[in-house]
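What follows is a short report on a single structure.
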Amino acid sequence: MAEKTIKAAVLGAAGRMGMRIIDRIAQAKGIVLAGAVERPGHPFLGQEIESFTGIKGLKIILQDDVRKILPGIDVVIDFTEIKSTVSNAEAVASEKKALVIGTTGFSTPETEALKQKLCGTRCVLSPNMSIGVNVMFKIVSSIARILKDDYDIEIVEAHHRMKKDAPSGTALRLGNIIAEALERDLDKVGIFGRKGVLGERKTQEIGVHAVRAGDIVGDHTVLFAGLGERLEVIHRAHSRDTFASGAVKAALWVVDQSPGIYSMEDVLGLHT
Numbered sequence: 439m440a441e442k443t444i445k446a447a448v449l450g451a452a453g454r455m456g457m458r459i460i461d462r463i464a465q466a467k468g469i470v471l472a473g474a475v476e477r478p479g480h481p482f483l484g485q486e487i488e489s490f491t492g493i494k495g496l497k498i499i500l501q502d503d504v505r506k507i508l509p510g511i512d513v514v515i516d517f518t519e520i521k522s523t524v525s526n527a528e529a530v531a532s533e534k535k536a537l538v539i540g541t542t543g544f545s546t547p548e549t550e551a552l553k554q555k556l557c558g559t560r561c562v563l564s565p566n567m568s569i570g571v572n573v574m575f576k577i578v579s580s581i582a583r584i585l586k587d588d589y590d591i592e593i594v595e596a597h598h599r600m601k602k603d604a605p606s607g608t609a610l611r612l613g614n615i616i617a618e619a620l621e622r623d624l625d626k627v628g629i630f631g632r633k634g635v636l637g638e639r640k641t642q643e644i645g646v647h648a649v650r651a652g653d654i655v656g657d658h659t660v661l662f663a664g665l666g667e668r669l670e671v672i673h674r675a676h677s678r679d680t681f682a683s684g685a686v687k688a689a690l691w692v693v694d695q696s697p698g699i700y701s702m703e704d705v706l707g708l709h710t
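When you line the sequence shown up against the working numbering, it's residues 439 to 710, in that order.
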């Protein structure tokens, strides 16, 4: 029996990430592009995907509403903005379609509200779809548990000048993972940038700092600094293809899961 081909839709299809995801889908086995959506008023609406991606044979028309493309779709991949993602999630969940969300910038209350809208569907929700970054999540958790309170922890992230949210969702995820490993609360011990006469650094502080410059795809560094030494865990993304490939991997995985909200750690089997 031939394996089923997964039909995917990409939201934010004409954006930087959307076009890379479409390219990765075109290169992947077992999945095809069957729908594409952009915000109302986008100049590419009504055009074939081939016309702005350069990928021959993609005759699908770019639409302005996710509801128009849901029939016949198995999984939706959303890399848009917070407001759009929340609205899209509600529509996708109502049709019991699988969903992959890579949108970043959600506050904790916004994340919880989003999860409520996802009840009953299958969703991979992750601030970073990169395989390397998700391995980094696991590594820094282990290091934090070993080093405990004897090392100061600082997180530094750098992204391109067009990124709208700061710090990055990945930096916040790193901070929360480390805080959880050390039985701390990032909302209480997180220091987001420093300025002025602040006094000595408190033992349990976790610093989080953001750089916005040029066309940096995404750099994340976690610094564990002790007396006489420091340990750095660094991930540098050289291309958006790393995030796009992870998103496609998540889409292929989530369609076969039971209803629930999953992370890339689940997709990659990193919880074991």
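Don't be surprised by glycine CBs; every beta carbon is placed ideally from N, CA and C. Quick caveat: nothing in here was measured; it's all calculated off a predicted structure.
The alpha helix (DSSP H) that contains residue i, what's its start and end?
i	result
Ile459	454 to 465
Asp694	Where Asp694 is concerned, there is no enclosing alpha helix (DSSP H), given that its DSSP letter is neither H nor E.
Thr546	546 to 555
Less than 6 Å separating the Cβ of residue i from some heavy atom of the ligand PLP?
i	result
Ser568	The ligand PLP is not part of the structure shown, which contains no ligands of any sort.
Would residue i and residue j be called neighbours here (beta carbons separated by less than 7 Å)?
i	j	result
Thr659	Ile672	yes
Ala689	Ile515	yes
Leu612	Ile593	yes
Phe630	Val649	no
Ala464	Ile493	yes
Glu476	Leu500	yes
Ala527	Val513	no
Ala452	Gly473	no
Arg505	Arg678	no
Leu483	Asp461	no
Which first and last residues belong to the beta strand (DSSP E) in which residue i is found?
i	result
Ile444	444 to 449
Leu669	667 to 675
Leu661	656 to 664
Val705	Unbroken run through Val705 is the alpha helix (DSSP H), 702 to 706; no beta strand (DSSP E).
Ile487	Run containing Ile487: none in the beta strand (DSSP E); it sits in the alpha helix (DSSP H), 487 to 491.
Ile539	536 to 539
Leu563	560 to 563
Which one or two residues does DSSP pair with residue i in a beta bridge?
i	result
Arg650	His597
Ile520	BP columns for Ile520 are empty, so no partner.
Gln501	Val475
Ala685	Answer by DSSP bridge pairing: none, since Ala685 is not bridged.
Ile469	Ile444
Val513	Ala446, Ala536
From residue i to residue j, what distance separates their C-alpha atoms?
i	j	result
Leu708	Ala529	30 Å
Phe544	Ser525	14 Å
Lys442	Ala466	14 Å
Tyr589	Met702	28 Å
Ile591	Asp657	17 Å
Ile539	Ala682	12 Å
Asp623	Ala685	29 Å
Met439	Gly468	Caution is warranted here: a pLDDT of 40 is assigned to Met439, below 50, making its placement in the model unreliable, and the coordinate value is therefore given only provisionally. So the alpha carbons of these two residues sit roughly 14 Å apart.
Trp691	Arg560	10 Å
Pro697	Gly634	49 Å
Val705	Lys687	8 Å
Thr437	Gln485	Any answer about residue 437 is impossible in this case: the structure gives the chain only from 439 up to 710.
His676	Lys586	32 Å
Ile699	Glu670	31 Å
Gly637	Lys521	39 Å
Between residue i and chain D, is the shortest Cβ-Cβ distance under 7 Å, so that the two count as touching?
i	result
Lys602	Among the chains of the structure shown, chain D does not appear; only one protein chain is present.
At which residue ranges does the stretch 577 to 644 contain complete alpha helix (DSSP H) runs of 4 or more residues, listed in the order of the chain? 607 to 619, 624 to 627
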